[in-house]
Amino acid sequence: MLRKKVPTLGHEGSKIHCSRAFIAFAVLTILALLAVGSTLAANAAAEPSYGVIGSIFNYFAQNPFAYLFLALALGYPLGRITVGGINLGTTAGTLVVGIAIALVSSAGFGITYEIPGLVQDIFLMMFMYALGMRVGPQFFSGLARGGLDFLVIGIIVAVANFVIVFFGCKLIGMDPGYAAGIISGSYTITAVMGVAQSAISSGAFTPPEGMTADVVGANMAAGYAISYVLSSIFIILLIKYLPGMFGRDPVAEAKAAEASFDSGEDGGALPGTAGASILGFTGKQIRSYKVEHEELVGQSINDLFHKYPHAAILMVVRGDEVIEAKENPTLQMGDIIGIMGQYGALISKGTELVGTEVDEPRARQVDITVADVVMGKKEYAGKTLEELGREIGFGVHLKSLFRAGVAIPHKPNTVVEKGDVLRLAGPTWCVERAAEGLNAVPIVESAYTEVRFMAVALTVGYIIGHASVTLGGIPFALGTSAGCMLMGILASWLRTRNPNLGGPTSEGARSFLNDIGLSLFVAVLAASVGPKILTSFKGTVVIWIAILGLMGALLPPFIAWLYGYYVRKMNPVILAGACAGGRNSTPGLNGIQDSSKSAIAAVGYPVPYAVTSALVLILGYIAMVFS
C-alpha cells in the first residue's frame with residue numbers, strides 16, 4: 000500500500016542536465032531550420048536576396064503560427080534555465096525569444112510579422128478566465144472572513160506599486176506605455192500588458208500625436224523586460240531575508256508559528272494533475288485484532304468512532320462472514336476487526352484497547368482510494384481540521400490541504416475555508432461519504448473538462464467586458480480580458496457552493512489554459528513590438544526603468560511588512576509569506592520557506608495573492624488610460 004521514494008537527481012545535476020538538454024534542443028532546431036531555409040532559398044526564385052537565413056524568417060512571416068510555436072518551443076526551456084537560483088520563467092522566456100526573432104527578422108531582412116489581433120485576444124481571454132478560476136474561491140473567502148490583515152497587506156502592496164511607478168513615470172516625463180510595462184514587470188504579472196493593450200484597442204487610450212500604438216506597445220515591452228528580470232531576482236532576496244533584517248530568526252519564528260498546530264504531511268501533486276491520486280506515504284495502517292474486551296461488545300462501529308476518532312473500524316470478520324463498516328454492525332465477543340489508524344498508536348494501544356492482534360487478511364483487505372474534495376459547505380467554514388475530522392472523517396486520512404493552488408500545512412488546528420481542497424485517502428465508500436458531508440463530489444484524475452459551461456462563461460465575460468461608457472469624454476470599458484477573468488472568478492466561486500455546477504474542470508486543464516494562453520499572447524505581442532523595441536531604449540530611459548522597476552518591486556512589500564510587523568504584530572514568517580502573496584511571487588514564498596525550513600509561510604500567501612491578482616490588473620488598466 001505504501002510506495003518507496005524513487006531517488007532523484009541532485010539539484011545541481013538537474014540544472015546541468017536541463018541546460019544541456021536545452022542546448023541540444025536548440026542546436027537541433029537551428030539545424031532543422033537551416034535545412035528548411037536552404038530548401039526554401041533554392042526554390043524561391045522570386046526572392047533570391049533573402050538567402051538561407053532570410054528565407055527562414057520569410058517563411059515565419061508567411062506562416063505566423065509556425066513562428067508562434069517556435070517561440071514557445073524555444074522560450075519554455077530558455078525560461079527554465081536556472082542561474083544562481085533564478086530563472087526567467089516560461090512566459091518571459093517566450094517573450095524574449097519572440098522579440099529576438101522579430102527584431103532580427105526586421106533589422107536584418109526587412110521582414111515583419113503581421114498576426115491578426117483576434118489570435119492575441121483569444122489566447123488572452125483564455126488565460127484570464129483560467130486565472131480567475133484559480134483565485135476565485137479565496138478572493139471571496141478572504142473578503143468575507145478571517146483574512147482582514149492579509150487583505151490589507153495585498154492592497155498596500157498593489158496601491159504602493161501603482162503610486163511609485165505611475166507617478167514616477169509622470170514626474171520623469173516618460174512616454175506612454177512605460178508605466179504599464181513597468182507595473183507588469185515589477186509585479187511579474189504579464190497579464191497587465193494584456194489589459195493595457197485592451198485599453199488601446201478599445202479606444203480608452205489614444206496615442207498622442209506622432210506616436211503609433213505599436214510604439215506604445217514597444218515601450219510596454221521594454222519596461223516589462225527590464226523590470227521583470229530585476230524584480231524576479233531581488234524580490235526573492237527581500238522576502239527571504241526580511242525576518243533576519245529585523246533581528247528575527249526565521250527557523251525559530253516558524254516553529255513558534257507552528258506551536259498552535261501539530262505535524263502533518265503537506266504538498267503533493269496539485270488537484271487534478273498527474274499523480275494527485277497516488278497514495279504515496281501515509282502514517283496510517285490497517286491492522287487486525289480479536290475483540291476480547293467486554294466494554295466493546297454491543298457497541299456499534301459509529302459509536303466507537305465518536306469515542307476513538309483517530310481509529311476507524313473498516314471490517315468485521317465473524318466466522319465465515321465479512322461485514323463492511325458501512326453497514327454499522329454491532330460488535331460481538333470474538334469478532335476480528337480491521338482498524339485503520341496511526342501505526343504507533345495501533346502498536347502501543349491496539350492490544351490494550353481491543354485484544355490480541357491476529358493475522359486475518361480478510362480484515363485488512365481494503366481497497367484505498369485517493370481523491371480531492373472541494374470544501375463547499377459554508378457551515379464547516381471556520382472549523383479546525385480536528386473538528387471537521389470528528390464529524391465527517393470516518394475511515395479517511397487527510398494527505399494534503401490546498402488553498403488557491405498552494406499546499407498549506409494541515410494541522411489539527413488549521414482552520415478550513417470554503418474553496419479549500421482536501422486530499423483524502425481511504426476506502427471508496429468512506430471518501431464518498433466524507434465528500435457528501437462537505438457538499439462535494441470526490442475528484443479523481445480525469446482528462447475530461449466541461450467545455451460547454453466554460454464557453455458560456457467566456458461569452459458572458461466578453462459581452463460584459465466589451466460594454467463601454469463615456470465619462471468626461473473618455474470611453475471606459477472593463478475590457479474583454481478582465482470580463483473573462485471576472486467570469487472565471489464567479490464560476491469558481493459558484494462551484495464552491497455547488498461542485499457539480501458546470502461539470503468537472505481539472506487543475507490540469509485550467510493550468511494548460513493558463514500557461515498556453517499567456518505564452519501565446521506574449522508571443523503575438525513580441526511579433527508586433529520586436530522591431531520597434533530598440534527605439535524604446537533611448538537616452539537614460541533604461542536607467543529609469545531599472546530604478547522604477549526595482550522601487551516598484553521592493554518598496555511596496557517592505558511597506559506592507561512594516562504595517563504587519565509593527566502595527567499588527569504578525570508572526571514574521573507568516574507575514575513574509577503574505578508579502579510574497581501581495582507581490583504574486585511564488586519564488587519569494589519558496590525563499591522564505593527555505594530560510595525558515597518550514598511550509599508555514601504559505602498560510603499568509605493565498606488571500607493577498609488572490610486580491611492583488613485582480614487589483615493590479617485594474618491599476619495597470621488605469622495607468623495605461625491616463626498615461
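Residue numbers for the sequence shown follow numbering that gives the first Met the number 0, beginning at 0 and rising by one.
Virtual Cβ for every residue (Gly too), placed ideally from N, Cα, C.
- If we call anything under 7 Å between Cβ atoms a contact, is I558 one with V602? No, they are not a contact pair.
- Task: Determine the burial state of M244: buried for a count of at least 16 other Cβ atoms within 10 Å of its Cβ, exposed for fewer.
- Result: When all chains shown are included, M244 counts as exposed.
- Length of the line joining the Cα atoms of A45 and S54: Model confidence at A45 stands at a pLDDT of 46, short of 50, so the residue's coordinates are unreliable; what they give is reported in the following sentence. Distance between the alpha carbons of A45 and S54: 11 Å.
- Message: I'd like the list of long-range same chain contacts for S299, defined as Cβ closer than 6 Å, with 5 residues on each side in sequence excluded.
- Response: Contacts found: N327, T329.
- Task: Would you please verify whether the beta carbon of G529 is less than 7 Å from any beta carbon of chain D?
- Result: Given the protein chain composition of this structure (a single chain), no chain D is represented.
- Which partner residues of Y288 appear in the DSSP bridge assignment? Its beta-bridge partners are I336, E356.
- Query: Measuring CA to CA, which of G580, L616, K568 is closest to V247?
  - Reply: Residue identity check: residue 247 is Arg in the sequence provided, not Val. Per the Cα distances, K568.
- Going along the chain, which residues of its own chain have a beta-carbon closer than 6 Å to the beta-carbon of A344, five neighbours each way excluded? There are no such residues.
- Candidates A466, M125, N583, G193: closest to P556 by CA position: Of the listed residues, the one whose Cα sits closest to P556 is N583.
- Query: Residues in its own chain within less than 6 Å of N218 by CB, not counting five upstream and five downstream?
  - Reply: Sequence-distant partners of N218 (beyond 5 residues in either direction) whose C-beta falls short of 6 Å from its own C-beta, in its chain, are D174, G176, Y177, S535.
- Message: I need the straight-line Cα distance from I188 to I407, nearest angstrom please.
- Response: When only Cα atoms are considered, I188 and I407 end up about 23 Å apart.
- Message: Checking 7 Å against the spacing of the C-beta atoms, do M332 and V369 come in under that value?
- Response: One thing to note: M332 has its Cβ no nearer than 7 Å to the Cβ of V369.
- Query: If you drop the 5 nearest sequence neighbours on each side, which residues of the same chain put their C-beta closer than 6 Å to that of A613?
  - Reply: Excluding sequence neighbours, A613 sits near nothing in its chain.
- Query: Going by DSSP, which residues form a beta bridge with P249?
  - Reply: In DSSP, P249 forms no bridge with anything.
- Item | Stretch-stretch touch, CB-based, cutoff 8 Å, three pairs: the region 377-392 with the region 454-469 | Contact between the region 377-392 and the region 454-469 is absent, because fewer than three Cβ pairs lie under 8 Å.
- Message: For F161, count the other beta carbons within 10 Å of its own beta carbon; 16 or more makes it buried, fewer makes it exposed. Which is it?
- Response: Buried: at least 16 other Cβ atoms inside 10 Å.
- Residue from I52, A454, W492 with nearest C-alpha to A106: Measuring C-alpha to C-alpha distances from A106 to each of I52, A454, W492 identifies I52 as the nearest.
- Is it buried or exposed for P76, if we count other Cβ within 10 angstroms and need 16 for buried? Within 10 angstroms of the beta-carbon of P76 lie 16 or more other beta-carbons, which makes it buried.
- Looking at the unbroken alpha helix (DSSP H) that takes in E320, where does it start and where does it end? Segment 320-323 is the beta strand (DSSP E) holding E320; no alpha helix (DSSP H) there.
- Item | Cα-Cα separation between V250 and S594, rounded to whole angstroms | V250 and S594: Cα-Cα distance of roughly 7 Å.
- Item | Proximity of V164 and I152 at Cβ, strictly below 7 Å | V164 is not a Cβ neighbour of I152, given a cutoff of 7 Å.
- Message: Buried or exposed, going by whether 16 or more other CB atoms sit within 10 Å of the CB of P441?
- Response: That one is buried.
- Query: Buried or exposed: which applies to S347, given that a residue is buried once 16 or more other Cβ atoms fall within 10 Å of its Cβ?
  - Reply: Taking every protein chain shown into account, the CB of S347 has fewer than 16 other CB atoms within 10 angstroms, so this residue is exposed.
- Extent of the continuous beta strand (DSSP E) to which Y399 belongs: As written in the sequence, residue 399 is Ser, which differs from the Tyr given in the question. S399 -> beta strand (DSSP E) spans 396-402.
- Query: Which first and last residues belong to the beta strand (DSSP E) in which R567 is found?
  - Reply: No beta strand (DSSP E) contains R567, which DSSP labels as neither H nor E.
- Message: Contact between the region 515-532 and the region 118-137 is defined here as three or more beta-carbon pairs at a separation below 8 Å; is this criterion met?
- Response: Verdict: yes, contact present.
- Query: Nearest to T93 by CA position, among V103, L69, L421, E113, is which residue?
  - Reply: Of the listed residues, the one whose Cα sits closest to T93 is L69.
- Own chain partners of F56 with C-beta closer than 6 Å, once the 5 adjacent residues on each side are dropped: Hits under 6 Å: S104, F108, I110.
- Which listed residue (P242, G548, G375) has its alpha carbon closest to that of K417: Closest by alpha carbon: G375.
- Message: What does the Cβ neighbour count give for V147, buried or exposed, with the cut at 16 atoms within 10 Å?
- Response: Per the sequence shown, the amino acid found at residue 147 is Leu instead of Val. The residue is exposed, with fewer than 16 neighbouring Cβ atoms inside 10 Å.
- Task: Go ahead and label V395 buried or exposed: buried means 16 or more other beta carbons lie within 10 angstroms of its beta carbon, across all protein chains shown.
- Result: Its Cβ being crowded by 16 or more others within 10 Å, V395 is buried.
- Query: Counting along the chain, where does the alpha helix (DSSP H) carrying A370 start and finish?
  - Reply: Counting along the chain, A370 falls outside any alpha helix (DSSP H), though it belongs to the beta strand (DSSP E) covering 367-373.
- Query: Which whole-angstrom value is the C-beta distance of I100 and Y128, which I expect to be below 8 Å?
  - Reply: With a beta-carbon spacing of about 28 Å, I100 and Y128 fall beyond the 8 Å limit used to define contacts.
- Quick one: any contact between the region 283-290 and the region 355-363, if contact means 3 or more CB pairs under 8 Å? Yes: at least three Cβ pairs fall under 8 Å.
- Item | Counted within 10 angstroms of its Cβ, other Cβ atoms place T211 as buried (16 or more) or exposed | By the C-beta density criterion, T211 is exposed, having fewer than 16 other C-beta atoms within 10 angstroms.
- Identity of the residues DSSP links to M314 by a beta bridge: Its beta-bridge partners are E323, G337.
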